[in-house]
Every structure is written in C-alpha cells, then in structure tokens.
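Q:
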Amino acid sequence: MASSPSRLSREYVENGTIRKETRPTKEYCTEIIIVRHGETDWNALHKMQGQVDIDLNEVGRKQAVVVAERLAREPKISAIYSSDLKRALETAQTIASKCFGLEVVIDKDLRERHIGDLQGLVFSEASKINPIAFEALMSNSEHQQIPGGGESRNQLFERCTSSLQRIAKKNKGARVVVVTHGAVIEMLYKRAIRGGKAGGVWNTSISIFELSDGDKWCIKLWNDISHLKESEYLESASGGSAST
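Just so you know, we're using numbering that gives the first Met the number 0 here: the sequence shown kicks off at 0 and counts up by one.
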C-alpha cells in the first residue's frame, strides 16, 4: 500500500479492507503519522534491543533526514511525539527540525517492549542462549511475560494504545507525528485491525492512523517506505525483528 512522497493519505484500511481516501481530516478526527525510528548498529546485527537505549547509526541518521524531508512537504503537522529512547528521540528531533522547528513531546509509554533477559541477544542465537525466555517471547499467550522483567504482549498493547488514544484526544482535528518502535507499531496495527497480523515494520517507515470519536481507529497508510526507495538507504531499512 505505497503512496507517492507528495501525498501520504491515498488509501486506508478499515475492517481489513483497503479503501481509497477521499476526505480530509475531520474536526472530530486526529490523523497520526506513525514513524519507526532509524537504524541502529544493533538493528543491523539483528540484536534484540527492547528498552536498551541504543543510538542511531550513520545509516539511521540519514534515514531520519530522508523521512523528515518527506514529512516537511506534507500539510501542516501540529505536534511531534516520541518515545524517550534515543533511537526514537533523535529520529523525532530530526523530523522536528524540518517541520517548522516544532518541539518534541516525550511519552515514555511509546517505548519499545521490554523483552527481559533477551535484550542484547542476537535473535538467531537467543533460543540456545536462553531457551526459557525465548519460549516466552514466542508464546501464543497474550499474558506471557518474559523472564527478567519483560512485558507481555497484553501489557504492551494496553500501554501503547492508551498513549495513542490520549494523543488523539489532545489533538482532535489535527495532524501529528508519533515516532516509536517496531513492536509498538505492530500493536497499534492490531488495535486498528482486530485479528490482523502486521508483519515486519521497516526503519523510518510511515503508517497513518486516523482516530475518531467513538473509539474508532482506521489505517490510511501502512509501512510505507517510498521515500527510502528514492535514496541509497533501503537495503538496511528492515532493521531486524519486530521486538528490536
């Protein structure tokens, strides 16, 4: 579901169906542009970050500039929110610098999922190094926590969807940007499309959610990386597994 860089909101998903976008943001709706942070060295190595506070690498910084330049061409963005983790915050600050110098509002509830004892392990090696924690990560149970202080999927879901709902309520009728993490974005997808499966989320991809009165969520654009296709940074943009 890609769009041209000059216009983000061509299509949206509602109840699992792709529909053409023919309407502007209404006064009772909030359009939230969700951006995953740029690449880190740990992303490139497929090391699971969770809430370990890793900086962007040079590719990630360049990706952040590319997505910021794209968003700067869009209709007015009134606010920018971010996780407090450095990889998201630096991405958000880069976007803010291109969007009329907006200040970034930090929301810790936008943090990546805490994955306990798996943080810092390479994904492909984790099942051998810590099989109990890895089994918890891969469990089908929404309430399964991960040893070492890790969150369950349900805890992450409640945390990040409540954050987005608060942001929408505060910015009704406006367009805002939220910079966050892969597992968070997948949970937001799950909230918008019940029973849906998001798949992987690319570094500095753009997804657009519309939240409206009556607790209604829809997705107008999903995991779009057309801005990266215009650059040399696409190859590195997959950024590892969702919980990194």
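All C-beta atoms in this analysis are idealised placements derived from N, C-alpha and C, irrespective of residue type, glycine included. Just so it is clear, the structure is predicted and the values come from calculations on it, not from any experiment.
Decide if glutamate 57 is buried, meaning its Cβ has at least 16 other Cβ atoms within 10 Å, or exposed.
A: Position 58 of the sequence shown, counted from the first residue, corresponds to residue 57. Here glutamate 57 is exposed, its C-beta having fewer than 16 other C-beta atoms within 10 Å.
Q: In this structure, does DSSP put cysteine 98 in helix, strand or coil?
A: Locating residue 98 in the sequence shown gives position 99, counting from the first residue. It is coil, neither helix nor strand.
Q: Measuring straight from C-alpha to C-alpha, what distance separates glycine 194 and glutamate 141?
A: By one-based count along the sequence shown, residue 194 stands at place 195. By one-based count along the sequence shown, residue 141 stands at place 142. Straight-line Cα distance between these residues: approximately 13 Å.
Q: Which of the three DSSP states is assigned to glutamate 20 in this structure?
A: For the purposes of this step, residue 20 is taken as the residue at position 21 of the sequence shown. For glutamate 20, the predicted model reports a pLDDT of 42, less than 50, meaning its position is unreliable; a value from the coordinates is still stated below. The answer is coil: DSSP assigns glutamate 20 none of H, G, I, E or B.
Q: Return the first residue and the last residue of the alpha helix (DSSP H) that leucine 55 is part of.
A: For this step, residue 55 is matched to residue 56 along the sequence shown. No alpha helix (DSSP H) contains leucine 55, which DSSP labels as neither H nor E.
Q: So the alpha helix (DSSP H) asparagine 42 belongs to, where does it begin and stop?
A: The residue you call residue 42 lines up with position 43 of the sequence shown. First-last of the alpha helix (DSSP H) with asparagine 42: 40-44.
Q: When the Cα atoms are used, what is the spatial distance from aspartate 214 to isoleucine 224?
A: The sequence position of residue 214 within the sequence shown is 215, counting from 1. The sequence position of residue 224 within the sequence shown is 225, counting from 1. So the alpha carbons of these two residues sit roughly 28 Å apart.
Q: Rounded to whole angstroms, what is the Cα-Cα separation between isoleucine 145 and glutamine 118?
A: Mapped onto the sequence shown, residue 145 falls at position 146. Mapped onto the sequence shown, residue 118 falls at position 119. A direct Cα-to-Cα measurement between isoleucine 145 and glutamine 118 gives close to 11 Å.
Q: With distance defined between alpha-carbon atoms, name the residue in Arg86, Ala63 and Asn170 nearest to leucine 109.
A: Locating residue 109 in the sequence shown gives position 110, counting from the first residue. Ranking Arg86, Ala63 and Asn170 by Cα distance to leucine 109 puts Arg86 first.
Q: Spatial neighbours of proline 23 within its chain, please: C-beta separation below 7 Å, excluding the five flanking residues on both sides.
A: The sequence position of residue 23 within the sequence shown is 24, counting from 1. In this prediction, proline 23 scores a pLDDT of 46, lower than 50, which makes its location untrustworthy; the coordinate-derived value is nonetheless stated afterwards. Around proline 23: no qualifying Cβ.
Q: By how many angstroms is the C-alpha of cysteine 217 removed from the C-alpha of glutamate 20?
A: In the sequence shown, counting from the first residue as 1, residue 20 sits at position 21. In the sequence shown, counting from the first residue as 1, residue 217 sits at position 218. With a pLDDT of 42 at glutamate 20, under the threshold of 50, the predicted position of this residue should be treated as unreliable, and no value is reported.
Q: Taking the C-alpha atoms as reference points, what is the distance between alanine 71 and methionine 137?
A: As a first step, residue 71 is located in the sequence shown; it is residue number 72 there, counting from the start. As a first step, residue 137 is located in the sequence shown; it is residue number 138 there, counting from the start. Straight-line Cα distance between these residues: approximately 39 Å.
Q: Do you know offhand how far tyrosine 27's Cα is from asparagine 129's?
A: On the sequence shown, position 28 is the one that residue 27 refers to. On the sequence shown, position 130 is the one that residue 129 refers to. The straight-line gap from Cα to Cα measures roughly 48 Å.
Q: Note down the Cα distance separating isoleucine 32 from serine 126, rounded to an integer number of angstroms.
A: Against the sequence shown, residue 32 aligns to sequence position 33. Against the sequence shown, residue 126 aligns to sequence position 127. Their Cα atoms are separated by approximately 35 Å.
Q: Compare the C-alpha of serine 151 against each of Asn42, Gly49 and Ala43 and name the closest.
A: Taking the sequence shown and counting its residues from 1, one reaches residue 151 at position 152. Closest by C-alpha distance to serine 151, out of Asn42, Gly49 and Ala43, is Gly49.
Q: Using CA atoms only, rank isn't needed, just tell me which of Ile76, Asp116, Leu84 and Val121 is closest to leucine 101.
A: The residue you call residue 101 lines up with position 102 of the sequence shown. Nearest to leucine 101 by C-alpha distance, out of Ile76, Asp116, Leu84 and Val121, is Ile76.
Q: Have a look at valine 200 and alanine 78 and give me their C-alpha separation to the nearest angstrom.
A: Along the sequence shown, one-based indexing puts residue 200 at 201. Along the sequence shown, one-based indexing puts residue 78 at 79. Whole-angstrom Cα-Cα distance: 23 Å.
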